[in-house]
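Remember, our numbering sits 355 above the position in the sequence shown when you count from 1.
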Amino acid sequence: MTPTAVAETRTQSENLDQLAAVAVHVGLGLKSGQELVMTASTDAMPLARRITEHAYRAGASLVTTLYADDASALLRYRFAPDASFDHAAGWLYDGMAAAFKSGAARLAIAGADPTLLSNEDPDKVGRANRAVSKAYRPALELITRHEINWTIVSSATPAWATAMFPNYAPDVALAKLWEAIFATTRVNRVDPVSAWKTHDAELHKRAAFLNEKRYSALRYRGPGTDFRLGLADDHEWLGGGTTAGNGVYCIPNMPTEEVFSMPHKDRADGTITATKPLSHQGTMIEGIQVRFQHGRIVDARATRGQEVLQKLIDTDEGARHLGEVALVPHSSPIAQSGLVFLNTLFDENAASHIALGQSYSSCVRNGDKLSPEELAARGANSSLIHVDWMIGSGQLDIDGVTASGTAEPLMRQGEWA
């Protein structure tokens, strides 16, 4: 049986159970005796409960799930005093950081309404996001340094399904979204674990090729894009799973189709245009086009969500610089589905992308052993945020630029050259 063989007769309930099992055993690599901290929306409770069961069956010592409720989030914007938008539950995020430091694993279930806050005051949205980013920073640093094993999976939710499939009845839209999730996470395969191992090996092979090449920069050309991005000194390309600082092998994103590395925060020049909308913290940002000089955004525009985009890049100085670059072929299963998921976890794996903000220290040789000052000297960016947005398409060409300045075809029309 090949890793691509699909289990035609598996029921929705059986696929949901498979997703939970894959999340625990492949995504997290959860170890017996380890605690698990999970976040989810109330709409994702069925998947969260399945994951909890599989985690305990795998020997978890404790599973703690923190639920968010979209309706309650909106009530804040309706009735909370203005000053409240500069506050976040610091005690909660301090607790999460303490849990991670004590050895807990992290699992996030994505699936929030992508347009939840689209009609709310952009100033309040930006202030609230900044407050959360500041409070979450100690926990986020443990994740970006891959000190712990962590993963993100998704649950279909009514609001997300309706946003993706507005022309279908709600129950049909929800079923279609679940079908897409099961397909793109390889959960609908006869042997999902084997399928993930094969895919993981392919991503590692691609990353190894790029590490052997040691390009000093990437050059992008496409509609609305003419851009040169220098790579960090001693950068390392990664793809698929990684061994965290606690010795546990995990696959952080499910799905994942990318190989990624660290750009040099001061070596981005030119104009780049987004090819997909960005759903950020419940607001939609569309038609993004930014211009960089010496690594810094000097002009940013959007056809929708301009104010939210501006608040995003004003979070701190690092928010105007790049922290990640990722390459994804246009032939990825997510791109070929023809769907725009309105969810960064999926859409970033449909297209090559870049991320504003915090760098991953693991994308530098021995980066997890370097001090913040040593990382900065190699070009790492520091910020309260890390926000991916998509720039790849079937019309994008990318060259790898060698240290001597020679340009070599790397991707043509969105495919590996």
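In this text, a Cβ means the ideal position worked out from N, Cα and C, and glycines have one as well.
Between residue i and the rest of its own chain, which residues show a CB-CB distance below 8 Å, the 5 nearest in sequence each way excluded?
i, result
"Q768", "H685, G749, Q750, L751 and D752"
"K479", "Y432, D437 and F440"
"P610", "T539, T540, R541, P688, I689, L700, F701 and N704"
"S396", "Y422, A423, D424, D425, I464, G466, A467, S510 and T512"
"Y411", "V418"
"D555", "G595, G596 and I606"
So, helix, strand or coil for residue i, using DSSP?
i, result
"W744", "strand"
"H590", "strand"
"S616", "strand"
"I606", "coil"
"S416", "coil"
"R569", "coil"
"A486", "helix"
"Q661", "helix"
"A793", "The displayed coordinates of the chain run from 356 to 772. Any statement about residue 793 would go beyond what the structure contains."
"D349", "Shown here, the chain extends from 356 to 772; a query on residue 349 therefore has no answer."
"H708", "strand"
"G382", "helix"
"P401", "helix"
"G621", "As written in the sequence, residue 621 is Asp, which differs from the Gly given in the question. Here D621 sits in strand by DSSP."
"D669", "coil"
"Q648", "strand"
"D437", "helix"
"P547", "helix"
"D555", "helix"
"G760", "coil"
"T540", "coil"
"L374", "helix"
"A444", "coil"
"V695", "coil"
"T499", "helix"
Measure the alpha-carbon distance for residue i versus residue j and round it to whole angstroms.
i, j, result
"D425", "E475", "13 Å"
"D621", "V742", "18 Å"
"T638", "G600", "34 Å"
"D654", "S737", "20 Å"
"L565", "W592", "7 Å"
"A376", "V361", "17 Å"
"A732", "A524", "54 Å"
"M519", "V527", "11 Å"
"P477", "L697", "19 Å"
"H442", "D449", "14 Å"
"A550", "Q648", "42 Å"
"Y570", "R561", "14 Å"
"G414", "I536", "27 Å"
"D588", "H619", "7 Å"
"R461", "H590", "26 Å"
"S707", "L573", "12 Å"
"M400", "T626", "42 Å"
"P521", "W533", "15 Å"
"E641", "V663", "11 Å"
"K724", "L430", "44 Å"
"G382", "N608", "7 Å"
"S634", "Q661", "13 Å"
Determine whether the Cβ of residue i lies closer than 7 Å to any Cβ atom of chain C.
i, result
"P688", "No chain C is present in this structure, which holds just one protein chain."
With which residues is residue i paired in a DSSP beta bridge?
i, result
"I406", "DSSP output for I406 lists no bridge partner at all."
"I640", "L633"
"D425", "Answer is none; D425 lacks a bridge partner."
"Y575", "F582 and I753"
"S457", "Partner(s): none; S457 has no beta bridge."
"M519", "In the DSSP output, where bridge partners are listed per residue, M519 has none listed."
"D449", "Paired residues: none, contrary to the question."
"E679", "A710"
Who are the Cβ neighbours of residue i in its own chain at under 6 Å, not counting the five residues just before and after it?
i, result
"A435", "none"
"R656", "Q644"
"T407", "V418"
"I652", "V645, I668 and R675"
"A623", "L584, F647, G650 and L677"
"E612", "V683, S687 and N704"
Might you give, ordered along the chain, the residues of its own chain that have their beta carbon closer than 7 Å to the beta carbon of residue i, omitting 5 neighbours on each side?
i, result
"G722", "S716 and L730"
"D372", "R405"
"P547", "Q373, V377 and R541"
"L529", "A511, P513 and A516"
"A483", "F440"
"D671", "S738 and L739"
"R659", "M639, I640, E641 and G642"
**Message:** Counting beta carbon pairs with one atom in the region 691–700 and one in the region 577–590, are three or more of them shorter than 8 Å?
**Reply:** no
**Asked** On the three-pair Cβ rule with 8 Å, is the region 495–503 touching the region 697–717?
**Response** yes
**Prompt:** Are the region 362–370 and the region 481–492 touching, with three or more C-beta to C-beta distances below 8 Å?
**Reply:** no
**Asked** For the 8 Å Cβ check, are there 3 or more pairs between the region 503–516 and the region 755–772?
**Response** no
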